[in-house]
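For the sequence shown, position 92 matches number 92 in UniProt numbering, and the numbering has no gaps at all.
Presented below is the structure to which this report refers.
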Amino acid sequence: MMSLNNDCGRINCMSCPSNCEVKPNTSLRVSFCQNYCFCTWPEASGYFSLGVMEGLLKQSYNYLYLGCIFVDFSISYLRCFTDKRWIDYLRETKLKIVIVCDKYLKPLANYWFKHSKDIFLIIYQQDKLSIACEKLKKRFIYQRDAFFRGEVLSTLEFSVLSALIAGEGCNQLASELNVDIRTVYAAKRRAEKKMGADINTLFRFSHALQM
Numbered sequence: 001m002m003s004l005n006n007d008c009g010r011i012n013c014m015s016c017p018s019n020c021e022v023k024p025n026t027s028l029r030v031s032f033c034q035n036y037c038f039c040t041w042p043e044a045s046g047y048f049s050l051g052v053m054e055g056l057l058k059q060s061y062n063y064l065y066l067g068c069i070f071v072d073f074s075i076s077y078l079r080c081f082t083d084k085r086w087i088d089y090l091r092e093t094k095l096k097i098v099i100v101c102d103k104y105l106k107p108l109a110n111y112w113f114k115h116s117k118d119i120f121l122i123i124y125q126q127d128k129l130s131i132a133c134e135k136l137k138k139r140f141i142y143q144r145d146a147f148f149r150g151e152v153l154s155t156l157e158f159s160v161l162s163a164l165i166a167g168e169g170c171n172q173l174a175s176e177l178n179v180d181i182r183t184v185y186a187a188k189r190r191a192e193k194k195m196g197a198d199i200n201t202l203f204r205f206s207h208a209l210q211m
């Protein structure tokens, strides 16, 4: 099995032209830098990084009091978000984790927001740039739950989604969870309804993290 560092890819700061590496091999310059560190993840999201830099950061930079890592929480990277390793990895940066999610993964983003205090903020697809910037500025003042909205996967629905994305069958999952197979199918249907597509379609649109 690959190490968590290698499996989750590289993270670089984009606050200045030096683009110092934050993970997995932290640059010595990061420790002495006087600027707040801002990053995006996964590394392959080039257009996402450009959007964060030209949109969110340019308009909000003077109001941000801590470094942040912005996560491209889109269907392309669904397979990265069905277990907790990605949060464990990003937590090690000591940056505030800001999820930017698409319409399909909104219930999954809300699940992680509900179950992990490491998630600082969710920016939803329907948030206009002005609203997203305002949320980011206000989040440093207000309680995190003030910025949460929409449907959320239940624990069982999340377990079913994770197992099926990993290639397990419903019968195997029912046995592991010690529940009736009908309970698993019902949870699968609820998860698909919340996410707006069947799990097979979601899987086809996603891909493994490219190193």
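Glycine included, every Cβ here is placed at the ideal spot set by N, Cα and C.
For the 7 Å CB-CB criterion, L95 and G55 do not form a contact.
Counting along the chain, D72 sits inside the beta strand (DSSP E) bounded by residues 68-73. In this structure I69 touches T93 by the C-beta definition: roughly 6 Å separates them, less than 8 Å. Note: E21 is bridge-paired with N12 in the DSSP secondary-structure output. Across the structure, E21 and R182 are spaced so that their CA atoms are roughly 48 Å apart. Apart from sequence neighbours up to five positions away, the residues of its chain that approach R10 with a beta-carbon distance below 6 Å are E43, ordered along the chain. Two segments are said to touch when three or more pairs of C-beta atoms, one from each, lie closer than 8 Å; by this definition the segment 127-135 does not touch the segment 169-177.
Under DSSP, the beta-bridge partners assigned to L121 are V98. For F38, the enclosing beta strand (DSSP E) begins and ends at 38-41. The count of Cβ pairs closer than 8 Å, one atom from the segment 77-93 and one from the segment 27-46, reaches three, so the stretches are in contact. Under the 8 Å Cβ criterion, the segment 161-169 does not count as touching the segment 137-144, having fewer than three qualifying pairs.
A straight line joining the alpha-carbon of F147 with that of V98 spans about 12 Å. Taking the C-beta atoms as reference points, A191 is found nearer than 7 Å to L161. Each of L156, C101, R29 was checked against the Cα of P17, and the nearest Cα belongs to R29. Taken atom to atom, the span from the alpha-carbon of C37 to that of K84 is near 23 Å.
In chain order, V152, L153, F158 place their CB closer than 7 Å to the CB of Y111, counting only its own chain and leaving out the 5 sequence neighbours on each side. In this structure, L121 and L136 form a Cβ contact; the two beta carbons are roughly 7 Å apart against a cut-off of 8 Å. Less than 7 Å separates the beta-carbon of C101 from that of F73. Cβ neighbours of Y65 within its own chain (closer than 7 Å, five residues either side excluded): F140.
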